[in-house]
Amino acid sequence: MSHAEYEKSFELDMSATGIATNRFCRERTELDAKAVNEIAPILLIEVCDLSFHALVIDMSHVSYVNSAFLAMVMSLRKLVEQKRATLAMCSISSYCQKVVKAAGFEMFLKIYDSVEQAHRALWSRFSLIKAWTKKDNR
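Under my numbering, read the sequence shown as residues 43 to 180, first letter to last.
Given below as structure tokens:
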């Protein structure tokens with residue numbers, strides 16, 4: 043697959059609520075070392091350029107991940123934490139969820155059943171934090 047094809051293999055959408063969603067567009071995407079080496083630099087640059095409260099990784103089209111994917115998620119985690127935002131994942135297959143859990147990523151990564159559920163939960167969480175912050179600043 044060419045560099046241009048990898049660029050088109052994911053989308054990074056921004057909602058009005060300040061929640062960014064990364065969607066892997068190809069059916070049954072396998073995020074092995076080769077795919078991650080192509081996708082990660084592009085994705086990380088795009089994430090750096092955005093301002094958001096949360097980043098949701100939509101895994102609905104992903105059928106396979108390995109340690110290269112886990113390393114990419116750790117890089118995303120660092121960027122997201124620098125922005126004081128939240129990292130989440132949704133629509134994850136049972137295989138991919140086993141890999142993520144085995145790596146201990148549930149300690150810092152919320153997993154939701156769908157994009158909609160993730161957006162609702164993260165928006166509610168952000169709204170509560172915003173309300174507490176506003177109350178403390180009075």
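Each residue gets a CB set at the ideal place from its N, CA and C atoms; glycine is no exception.
Since we're looking at a predicted model, the values are computed, not measured.
Residues that DSSP places opposite residue i in a beta bridge
{"i": "residue 72", "result": "106"}
{"i": "residue 79", "result": "BP columns for residue 79 are empty, so no partner."}
{"i": "residue 138", "result": "BP columns for residue 138 are empty, so no partner."}
{"i": "residue 96", "result": "61 and 128"}
{"i": "residue 91", "result": "Residue 91 pairs with nothing; no bridge assigned."}
{"i": "residue 153", "result": "131"}
Rounded separation between residue i and residue j - CA only
{"i": "residue 143", "j": "residue 97", "result": "19 Å"}
{"i": "residue 60", "j": "residue 105", "result": "28 Å"}
{"i": "residue 83", "j": "residue 118", "result": "11 Å"}
{"i": "residue 108", "j": "residue 139", "result": "11 Å"}
{"i": "residue 76", "j": "residue 111", "result": "10 Å"}
{"i": "residue 161", "j": "residue 121", "result": "19 Å"}
{"i": "residue 126", "j": "residue 62", "result": "14 Å"}
{"i": "residue 166", "j": "residue 137", "result": "29 Å"}
{"i": "residue 56", "j": "residue 79", "result": "24 Å"}
{"i": "residue 88", "j": "residue 128", "result": "16 Å"}
Residue j beta carbon less than 9 Å from that of residue i
{"i": "residue 135", "j": "residue 101", "result": "yes"}
{"i": "residue 130", "j": "residue 99", "result": "yes"}
{"i": "residue 54", "j": "residue 85", "result": "yes"}
{"i": "residue 152", "j": "residue 145", "result": "no"}
{"i": "residue 103", "j": "residue 66", "result": "yes"}
The ligand SAM heavy atom lying under 8 Å from the CB of residue i
{"i": "residue 159", "result": "The ligand SAM is not part of the structure shown, which contains no ligands of any sort."}
- Query: Should the region 155–163 be regarded as contacting the region 85–93, the criterion being three or more beta carbon pairs within less than 8 Å?
  - Reply: Verdict: no, contact absent.
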